[in-house]
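So for the sequence shown, the working numbering puts the first residue at 1067; every next one is plus one. Ideal Cβ positions, reconstructed from N, Cα and C, are used throughout, including at glycine.
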Amino acid sequence: TVGLGSCVAVLLCDPVPTVGGKAHVLLPAPHREFDGLEPAKYATTAVPYLLQEMAARGARRTRVTARLVGDASMLAGARTSRLAAAGERNLQAVRDPQDWAGIRVMGEEVGSGHGRSVRLHAADGRVVVSSYRRPDVIL
């Protein structure tokens, strides 16, 4: 995923069958009746969708680990503005415990005032987070 600002990337991995999945969460939930299109865009549907797709490829929920990246405040004073608090709402919705039952969140690179890009290495579950003029972060 390239260019995460206030969005949140959810990265799931089961290294045994080398299966991974990424969701680029734009909003906490669909605004109207959900038509099933693009479930990875919404916090309320991203994790169940990724788990379903990964299970179809041999992943087991008991081995799946997660990392969360994003939720940047890209504008000065952003945490006080309703529009800019979208990232925080996305992160809170993504962390809904009912979706995470049995899944360990192994790392997070969230908040702050800078955008990020993220790469998932499904073979070992490693996530590399890159930001402009900052050292890479390995999760």
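| Check | Outcome |
| --- | --- |
| Range of the contiguous beta strand (DSSP E) that encloses Glu-1174 | 1170-1176 |
| Backbone secondary structure at Pro-1114 - three-state DSSP | helix |
| Three-state secondary structure (DSSP) of Pro-1081 | coil |
| Beta-carbon gap between Val-1113 and Glu-1175 smaller than 8 angstroms | no |
| Where the beta strand (DSSP E) through Arg-1155 begins and ends | Here Arg-1155 belongs to no beta strand (DSSP E); instead the alpha helix (DSSP H) covers 1152-1160. |
| As assigned by DSSP and simplified to three states, the class of Pro-1094 | coil |
| Straight-line Cα distance separating Ala-1138 from Ser-1183 | 12 angstroms |
| Secondary structure of Ala-1167, DSSP reduced to three states | coil |
| Residue nearest to Ala-1106 in terms of C-alpha spacing, selected from Val-1160, Asp-1190, Thr-1131 and Ala-1151 | Val-1160 |
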